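One structure is given below, encoded as structure tokens.
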Amino acid sequence: MLAVWGPRGCQRSGPNLLPPSPATRRRASAGRIGATAAVAGGRVPGVASLLRDLVRTLLTPSKRRRDDGSGRPASSSRPSRPADPRGADDEESPGRFGATATTEAHSVGAIHTSYNPDTDGDPDPGEIVWTWVPYEENDGRGKDRPVLIVAREPGGTLLAVQLTSKDHDGERDWVGVGTGRWDGEHRPSWVDISRVLRVHPDGMRREASALGRGQFDAVIDALSDRYGWR
1 MLAVWGPRGC QRSGPNLLPP SPATRRRASA GRIGATAAVA GGRVPGVASL
51 LRDLVRTLLT PSKRRRDDGS GRPASSSRPS RPADPRGADD EESPGRFGAT
101 ATTEAHSVGA IHTSYNPDTD GDPDPGEIVW TWVPYEENDG RGKDRPVLIV
151 AREPGGTLLA VQLTSKDHDG ERDWVGVGTG RWDGEHRPSW VDISRVLRVH
201 PDGMRREASA LGRGQFDAVI DALSDRYGWR
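All letters in the sequence shown, in the order written, are residues 1 to 230 by the UniProt record's numbering.
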């Protein structure tokens, strides 16, 4: 059998199998190398297009992965966490929760007032402190506000009235007290005597601010006229 050695290897065509000559082997090797180079170089029709499609398919998922800035890929299917409606300042406001929460004093006992603001570490009548003041609806909402301490109760709690910078000049149940360090913008303030608050010593934030004696006496006179305090 005769054999013909070509690019596809040895093809038998006769009764005897003859080994290929060195020249035949070199031509066959060169043919295989040329065919491989043609495929790699994209000269074979359709191969380059197939390679581009394959690369595009492999890279497409990674293009959809977005970095949210935290180092983790963001996903559009991940549900977003709802924002907490309560601000950080409100959450940390003294007098909002628990046994030290500020409440509205619907009834009070005998009241003795004495103007005595002092930096002795304890809140005193005449001082203006900050605490959580609940809204009149009493639905859990409120705001961190400055309040004027007007009296100390026998049980250790304090009675106070809230301040506001909103203009209430000439209105009933509002007493003007002028300006002071409790307002960073030095706006005139008014005291609301229609609500008396009960404040716990541990439910407030002191800021070394006090009302003048004349303004304090004006507030006490208005409270005495309304509630019969002596």
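Beta carbons are placed, not taken as given, at the ideal position from N, Cα and C, and that holds for glycine.
All of these numbers come straight from a predicted model, not from anything done at the bench.
Own chain, CB closer than 6 Å to residue i, minus 5 neighbours either side, in chain order
| i | result |
| --- | --- |
| A35 | At A35 the pLDDT is 47, less than 50, meaning the model places this residue with poor confidence; the figure from the coordinates comes in the next sentence. There are no such residues. |
| S182 | Checking the sequence shown, residue 182 turns out to be Trp, not Ser. Once the five neighbours on either side are set aside, the close Cβ partners of W182 are I128, P146, S209. |
| R198 | T103, A105, T157 |
Of the listed residues the options, nearest to residue i (C-alpha basis)
| i | options | result |
| --- | --- | --- |
| P94 | R145, N138, D124 | R145 |
| S224 | V108, M204, W132, D122 | V108 |
| F97 | H112, H106, R141, G170 | R141 |
| D221 | W130, T113, P117, E104 | T113 |
| G184 | T103, S194, D192, S165 | S165 |
| D139 | P117, R56, T131, T103 | T103 |
| R213 | R198, R52, N116, R56 | N116 |
| G229 | E171, L159, K143, L163 | Note that residue 229 corresponds to Trp in the displayed sequence, not to Gly. Comparing Cα-Cα distances from W229 to each of E171, L159, K143, L163, the minimum goes to L159. |
| L211 | E92, V199, G155, W190 | W190 |
| G126 | L148, T119, K143 | L148 |
| W130 | K143, E171, T57, R226 | K143 |
| P188 | L163, M204, E171 | L163 |
| W132 | E92, L50, G121 | E92 |
Residue(s) in a DSSP beta bridge with residue i
| i | result |
| --- | --- |
| T113 | None, per the DSSP bridge assignment. |
| E127 | A210 |
| T100 | Answer is none; T100 lacks a bridge partner. |
| P94 | According to DSSP, which records beta bridges pairwise, P94 is partnered with nothing at all. |
| G142 | P134 |
| L223 | Answer is none; L223 lacks a bridge partner. |
| G178 | S189 |
7 Å Cβ shell around residue i - same chain, five flanking residues per side excluded
| i | result |
| --- | --- |
| D202 | T100 |
| A173 | Checking the sequence shown, residue 173 turns out to be Asp, not Ala. The residues are D192, I193, S194. |
| Q215 | V177, G178 |
| G156 | P201 |
| D169 | G176 |
| H186 | T179 |
| T119 | A208 |
| T57 | none |
| A218 | V175 |
Cβ separation of residue i and residue j, assumed to be a contact under 8 Å, to the nearest whole Å
| i | j | result |
| --- | --- | --- |
| V177 | V161 | That belief does not hold up - the Cβ atoms of V177 and V161 are roughly 10 Å apart, past 8 Å. |
| V196 | A105 | 5 Å |
| P123 | R206 | 6 Å |
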